[in-house]
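Contents: one structure, followed by commentary.
In our numbering, the protein residues as written are 768 to 836.
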């Protein structure tokens, strides 16, 4: 389980990943971030990508969250 997520760090990290691929070590060298943090965030992204899509919608004052069909 990932602790507190830094959304800015995650989005910046995604910018460093080219289509041709890059190693976690290379990202760590380019960014100065800890390789364990990079690896955890990549693992989280992979899990989210394989999960069912989630839809969020406002109904009145409520925000409803559901899995898409």
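Glycine included, C-beta positions come from ideal geometry on N, C-alpha and C. What you are looking at is a predicted structure, and each value in this text was computed from that prediction instead of being measured.
- request: With DSSP as the reference, label residue 825 as helix, strand or coil.
  value: As a working mapping, residue 825 is identified with position 58 in the chain shown. If DSSP states are grouped into helix, strand and coil, residue 825 belongs with the strands.
query: From residue 731 to residue 796, what does the alpha carbon distance come to, in whole angstroms?
result: With the chain covering only 768 through 836, there is no way to say anything about residue 731.
message: What would DSSP say about residue 771, mapped onto helix, strand or coil?
response: Position 4 of the chain shown holds residue 771. Correct three-state label for residue 771: coil.
- prompt: Counting along the chain, where does the alpha helix (DSSP H) carrying residue 812 start and finish?
  reply: Numbered from its first residue, the chain shown carries residue 812 at position 45. 802-817 is the extent of the alpha helix (DSSP H) around residue 812.
query: Applying the criterion that 16 or more other CB atoms from any shown protein chain within 10 Å of the CB defines a buried residue, is residue 805 buried or exposed?
result: Taking the first residue of the chain shown as position 1, residue 805 is located at position 38. Buried is the call here.
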